[in-house]
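Note that the numbering used here has the sequence shown beginning at 69, numbered continuously upward.
Each residue gets a CB set at the ideal place from its N, CA and C atoms; glycine is no exception.
Just below is one structure, and these are the notes that go with it.
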Amino acid sequence: MSDRRDLANAIRALSMDAVQAANSGHPGMPMGMADIAEVLWNDFLKHNPANPRWPDRDRFVVSNGHGSMLLYSLLHLSGYGLSIDELRNFRQFGHHTAGHPEYEPEIGIETTTGPLGQGLANAVGMALAEKTLAARFNRPGHEMIDHYTYVFLGDGCLMEGISHEACSLAGTLGLGKLIFLYDDNGISIDGEVEGWFTDDTPGRFEAYGWHVVRDVDGHDAQAIVAALEAARAETTRPSIICCKTVIGWGAPTLQGTEATHGAALGEEEVARTRENIGWPYPPFEIPDEIRTGWDARERGRKLEEGWNARMQAYAAEFPELAAEFDRRMSGRLPADWRETADAAIGAIAAKAADMATRKASQVALEAFGPALPELIGGSADLTGSNNTLWSGSETITDARPAGNYLHFGVREFGMTAILNGLSLHGGFKAYGGTFLVFSDYARNGARMAALMGQPVILVYTHDSIGLGEDGPTHQPVEHLASLRIIPNMHVWRPCDSVESAVAWRHALESETAPHSLVFSRQTLPFQHRDKRQITDIDRGGYVLRDCDGQLDTILIATGSEVALAMSAAERLAEEGMGVRVVSMPSTTVFDQQDGSYRDSVLPPGVTRRVAIEAGVPDCWYRYVGSKGAVIGMDTFGASAPAKVLFEHFGFNVENVKNTVMQLG
Numbered sequence: 069m070s071d072r073r074d075l076a077n078a079i080r081a082l083s084m085d086a087v088q089a090a091n092s093g094h095p096g097m098p099m100g101m102a103d104i105a106e107v108l109w110n111d112f113l114k115h116n117p118a119n120p121r122w123p124d125r126d127r128f129v130v131s132n133g134h135g136s137m138l139l140y141s142l143l144h145l146s147g148y149g150l151s152i153d154e155l156r157n158f159r160q161f162g163h164h165t166a167g168h169p170e171y172e173p174e175i176g177i178e179t180t181t182g183p184l185g186q187g188l189a190n191a192v193g194m195a196l197a198e199k200t201l202a203a204r205f206n207r208p209g210h211e212m213i214d215h216y217t218y219v220f221l222g223d224g225c226l227m228e229g230i231s232h233e234a235c236s237l238a239g240t241l242g243l244g245k246l247i248f249l250y251d252d253n254g255i256s257i258d259g260e261v262e263g264w265f266t267d268d269t270p271g272r273f274e275a276y277g278w279h280v281v282r283d284v285d286g287h288d289a290q291a292i293v294a295a296l297e298a299a300r301a302e303t304t305r306p307s308i309i310c311c312k313t314v315i316g317w318g319a320p321t322l323q324g325t326e327a328t329h330g331a332a333l334g335e336e337e338v339a340r341t342r343e344n345i346g347w348p349y350p351p352f353e354i355p356d357e358i359r360t361g362w363d364a365r366e367r368g369r370k371l372e373e374g375w376n377a378r379m380q381a382y383a384a385e386f387p388e389l390a391a392e393f394d395r396r397m398s399g400r401l402p403a404d405w406r407e408t409a410d411a412a413i414g415a416i417a418a419k420a421a422d423m424a425t426r427k428a429s430q431v432a433l434e435a436f437g438p439a440l441p442e443l444i445g446g447s448a449d450l451t452g453s454n455n456t457l458w459s460g461s462e463t464i465t466d467a468r469p470a471g472n473y474l475h476f477g478v479r480e481f482g483m484t485a486i487l488n489g490l491s492l493h494g495g496f497k498a499y500g501g502t503f504l505v506f507s508d509y510a511r512n513g514a515r516m517a518a519l520m521g522q523p524v525i526l527v528y529t530h531d532s533i534g535l536g537e538d539g540p541t542h543q544p545v546e547h548l549a550s551l552r553i554i555p556n557m558h559v560w561r562p563c564d565s566v567e568s569a570v571a572w573r574h575a576l577e578s579e580t581a582p583h584s585l586v587f588s589r590q591t592l593p594f595q596h597r598d599k600r601q602i603t604d605i606d607r608g609g610y611v612l613r614d615c616d617g618q619l620d621t622i623l624i625a626t627g628s629e630v631a632l633a634m635s636a637a638e639r640l641a642e643e644g645m646g647v648r649v650v651s652m653p654s655t656t657v658f659d660q661q662d663g664s665y666r667d668s669v670l671p672p673g674v675t676r677r678v679a680i681e682a683g684v685p686d687c688w689y690r691y692v693g694s695k696g697a698v699i700g701m702d703t704f705g706a707s708a709p710a711k712v713l714f715e716h717f718g719f720n721v722e723n724v725k726n727t728v729m730q731l732g
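Here it is, written out as structure tokens:
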């Protein structure tokens, strides 16, 4: 068998060759972390290339995702479905080897990384999922959930603020099967980091409550083995292994410099590197001996077969638990879910209660939660304001990991990325709450959820100037529009308890899209509907009020402004106008409906249209057209009671009436 350095050099060669072929990419990290990767993947990582979705596999996350060729090299060499042709076409259209890793579990890519720090935060969610599932499903003598989460990360990940949010919480939660391998090479894009990053990183993580392995030579295989053994022996704290490495190791004139970070080495330097590391093979050629040394398929098959045998014994003793575990890891909702959900919505409709939609959200949680043991959620230190706690909530702590509720603390971005990790791991429906205005803090995590198609649920309350006296720092204006323009993000702003419950049902049934559920602080009136209208809520927009005679005016509204539209419609009807009110709790879902349905709600021939929403008006012109009008917010809010603000900014019946009349 080839020695370790030869195996590691296969990563270096493939990485520098692929970057050179693309004339684009980041060879420095793969070349610098190749020795660490070789030890981890060949000595420790539990995985099966023939079944990348094996539930009890170790999770491997490359948080410093610019070094994607390291991951692609590992997947190819160990036997995953990533061919050498894919590596030859690194960063090319239509191939699986994108510039930064993109979530593709069928070939072993556990998460999309690249925005630094988010990968490690995803990994915190994965490790939390493992700990919580183990607490719920493992039984004495049956450790069916028992895997690690390993993370590669660099200086850039640790400079990002999200690293503090996520790692601080990981220490508090005692995630003992989370292991970081820190590429401490002292280089970032701008050069030597000593000018802008002089943190005592080991001391920082010790302060978080982590187990720290200091000053490991990242090019000494035995030192790496010893460090990983020490980290795995520590079961009560997450671990970080601080590996001293040389970026671009092996490149004779460029190693140790920023020149290797984000650009091809150049043909001459690649040739010199081959000579320097003793790699005489042509580009993309891996000799059989080295391929054999890397092939993990047989070992992976035996590992999974052993687990399957243990699972059979577990299922014989605990058949209900085994069936529930299988259901949850497959992402299937309970067999009676839709019947339960529909009955709950019917009961909410029958109560016809006025309430703030943040309270209506909690009512929906109370109705749906008992039917969904996979539901896990929390709030970024706003539990009482977001109403994310329900009667079946049990707080997760280090000592009590089997719960279903997380106090994330003031960590909006970290919370969102951790939710992504919980979802990516499998076995959970994850939600998290904060104020809508603070979705800005979490935006890139929400974007990554949409990019990966992860069905996390983002609960955003205090949705407008209606929150009142806290003032413009807390009053969202542009945020609804901002969320709506994220591809694959479903945004709901319901007007009452029924629309809130339907929004939650829609989110819980999603398999491939995150949902932003946007709720009011203030009480909103209940809107009466027939069964057909309740059904049509699920289509994102529907006719809430129609006229008896000729239709000549359409009012479109969301959230708290639906009640205003209904009152204005009554006033206009008294003056002989034929007015329809369209409630559109989700423009994103409405836009996905077929053209005939959209036209039935918004008939093309009716051009007198006014949209009403306490947010920036931009997105509404597509619905009202050039002959319509929008009543919205084109400034920030102010500190005052909600009623005063709505009146001041024109959200009143008189202004709606005048706006309609001015359209002629």
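Look at the alpha carbon of G513 and the alpha carbon of Q543, and state the distance between them as a whole number of angstroms. As a position in the sequence shown, residue 513 is number 445, starting the count at 1. As a position in the sequence shown, residue 543 is number 475, starting the count at 1. If you take the alpha carbons of G513 and Q543, they lie about 21 Å apart.
Starting from I416, follow the alpha helix (DSSP H) in both directions and report where the run begins and ends. For the purposes of this step, residue 416 is taken as the residue at position 348 of the sequence shown. Its alpha helix (DSSP H) spans residues 405-419.
Please report how far the alpha carbon of L113 lies from the alpha carbon of R597, in whole angstroms. Reading the sequence shown from its first residue, position 45 is the one you call residue 113. Reading the sequence shown from its first residue, position 529 is the one you call residue 597. Approximately 56 Å, taken between the alpha carbons.
Let me know the secondary structure DSSP gives K199 once reduced to three states. The residue you call residue 199 lines up with position 131 of the sequence shown. Here K199 sits in helix by DSSP.
Give the single residue among G609, P540, W458, S584 whose Cα lies nearest to the Cα of A682. The sequence position of residue 682 within the sequence shown is 614, counting from 1. For A682, the nearest C-alpha among the options comes from P540.
Quick check: what's the CA-CA separation for A331 versus M397? Here residue 331 corresponds to residue number 263 of the sequence shown, with the count starting at 1. Here residue 397 corresponds to residue number 329 of the sequence shown, with the count starting at 1. So the two alpha carbons sit approximately 40 Å from each other.
Output needed for Y662: all residues of its chain with C-beta closer than 8 Å, excluding positions within five of it in sequence on either side, in chain order. Counting from one through the sequence shown, the residue named residue 662 turns up at place 594. According to the sequence as given, residue 662 is Asp; it is not Tyr. Nothing meets the Cβ criterion.
How should T621 be labelled, buried or exposed, when 16 other C-beta atoms within 10 angstroms of its C-beta is the threshold for buried? Here residue 621 corresponds to residue number 553 of the sequence shown, with the count starting at 1. When all chains shown are included, T621 counts as buried.
Span of the alpha helix (DSSP H), counted from its first residue to its last, around H574: Along the sequence shown, one-based indexing puts residue 574 at 506. From DSSP, the alpha helix (DSSP H) with H574 extends over 565-577.
I'd like the list of long-range same chain contacts for C225, defined as Cβ closer than 8 Å, with 5 residues on each side in sequence excluded. Numbered from its first residue, the sequence shown carries residue 225 at position 157. S131, N132, L184, G185, G187, L188, S231, listed in sequence order.
Are G655 and R552 closer than 7 Å when you measure CB to CB? Start at 1 with the first residue of the sequence shown, and residue 655 comes out as number 587. Start at 1 with the first residue of the sequence shown, and residue 552 comes out as number 484. According to the sequence provided, residue 655 is Thr. The question's Gly does not apply to it. For T655 and R552, yes; Cβs fall inside 7 Å.
Three-state secondary structure (DSSP) at A424? Counted from its first residue, the sequence shown places residue 424 at position 356. Looking at A424 - three-state DSSP - the assignment turns out to be strand.
If you count every other CB in all the chains shown that lies within 10 Å of the CB of E629, and 16 or more means buried, which is it? Walking along the sequence shown from the start, residue 629 turns up at place 561. The residue is buried, with at least 16 neighbouring Cβ atoms inside 10 Å.
For M652 versus T675, is the C-beta spacing smaller than 7 Å? Residue numbering aside, residue 652 sits at position 584 when the sequence shown is read from its first letter. Residue numbering aside, residue 675 sits at position 607 when the sequence shown is read from its first letter. Going by C-beta atoms, M652 is not nearer than 7 Å to T675.
Only counting runs of 4 or more residues, tell me where the alpha helix (DSSP H) segments fall wholly within the stretch 277-361, in order along the chain. 289-301, 335-345
Out of S307, A81, N344, point me to the one whose CA is closest to T321's CA. Position 253 of the sequence shown holds residue 321. The residue with the shortest Cα to Cα distance from T321 is N344.
Which residue from R207, H279, G700 puts its Cα closest to that of Y382? For the purposes of this step, residue 382 is taken as the residue at position 314 of the sequence shown. Checking every option, the nearest Cα to that of Y382 belongs to R207.
Sequence ranges, alpha helix (DSSP H) only - wholly within the stretch 151-223, length at least 4: 152-156, 186-205
Per-residue DSSP class, three states only, for M69: Numbered from its first residue, the sequence shown carries residue 69 at position 1. With a pLDDT of only 45 at M69, under the threshold of 50, the placement of this residue in the model should not be trusted, and no figure is reported.
Run through the DSSP bridge pairs and tell me what I554 is partnered with. If you number the sequence shown from 1, residue 554 lands on position 486. Bridge partners of I554: none, in fact.
Spatial neighbours of G399 within its chain, please: CB distance less than 8 Å, with the 5 preceding and 5 following residues excluded, ordered by chain position. To locate residue 399, count along the sequence shown from 1; it is residue 331. If we look at G399 and ignore the five residues flanking it on each side, its Cβ neighbours are G494, E579.
For K711, the first and last residue of its enclosing alpha helix (DSSP H): In the sequence shown, residue 711 corresponds to position 643, counting from 1. Run containing K711: 710-716, per the alpha helix (DSSP H) assignment.
Within its chain, find whatever has a CB closer than 8 Å to the CB of Y148; leave out the 5 residues flanking it on each side and keep chain order. Against the sequence shown, residue 148 aligns to sequence position 80. Excluding sequence neighbours, Y148 sits near P117, P120, I175, G176.
Would you mind stating whether L139 and L150 have Cβ atoms separated by less than 7 Å? Against the sequence shown, residue 139 aligns to sequence position 71. Against the sequence shown, residue 150 aligns to sequence position 82. The answer is no: Cβ separation not under 7 Å.
Here's the rule I'm using: 16 or more other beta-carbon atoms within 10 Å means buried, otherwise exposed. How should M69 be labelled? On the sequence shown, position 1 is the one that residue 69 refers to. Residue confidence is low: M69 scores 45 on pLDDT, short of 50, so the model does not pin down where it sits. Its coordinate-derived value is still stated next. The residue in question, M69, is exposed, as its Cβ has fewer than 16 Cβ neighbours within 10 Å.
If you reduce the DSSP assignment to three classes, tell me which class D103 lands in. Mapped onto the sequence shown, residue 103 falls at position 35. D103: helix per DSSP, three-state reduction.
Determine the extent of the alpha helix (DSSP H) in which V527 is found, giving its start and end residues. Against the sequence shown, residue 527 aligns to sequence position 459. Element bounds for V527: not the alpha helix (DSSP H) but the beta strand (DSSP E), 525-529.
Exposure of T181, with buried meaning 16 or more beta-carbon neighbours within 10 Å: Here residue 181 is taken as the residue at index 113 of the sequence shown, counted from 1. T181 comes out buried.
Do the stretch 513-529 and the stretch 548-567 make contact, defined as three or more Cβ pairs closer than 8 Å? yes
Please classify G608 as buried or exposed, where buried requires at least 16 other C-beta atoms within 10 Å of its C-beta. Here residue 608 refers to the residue found at position 540 of the sequence shown. So G608 ends up on the buried side.
Spatial neighbours of R561 within its chain, please: CB distance less than 7 Å, with the 5 preceding and 5 following residues excluded, ordered by chain position. Taking the first residue of the sequence shown as position 1, residue 561 is located at position 493. Closer than 7 Å at the Cβ level, and outside the excluded window around R561, lie D531, L548, V586, T626, G627, P653.
Helix, strand or coil at L592 according to DSSP, with G and I counted as helix: Taking the sequence shown and counting its residues from 1, the one referred to as residue 592 is at position 524. In the structure shown, L592 sits in a strand (DSSP, three-state: E or B).
Does the Cβ of N472 have 16 or more other Cβ atoms within 10 Å, making it buried, or fewer, making it exposed? Stepping through the sequence shown from its first residue, residue 472 is reached at position 404. Classification of N472: buried, given that the 10 Å Cβ count is 16 or more.
Residues bridged to G135 (per DSSP): Stepping through the sequence shown from its first residue, residue 135 is reached at position 67. BP columns for G135 are empty, so no partner.
Assuming Y276 and G239 make a contact with CB atoms under 8 Å, what is their CB distance in whole Å? Here residue 276 is taken as the residue at index 208 of the sequence shown, counted from 1. Here residue 239 is taken as the residue at index 171 of the sequence shown, counted from 1. Indeed, because the Cβ distance is near 4 Å, the residues count as touching under 8 Å.
Ordered along the chain, which non-local residues of its own chain (more than five positions away) have a Cβ less than 6 Å from that of L619? Sequence index remark: in the sequence shown, residue 619 carries index 551 (1-based). Counting only Cβ-Cβ distances below 6 Å, and skipping sequence neighbours, we find G646, R648, V674.
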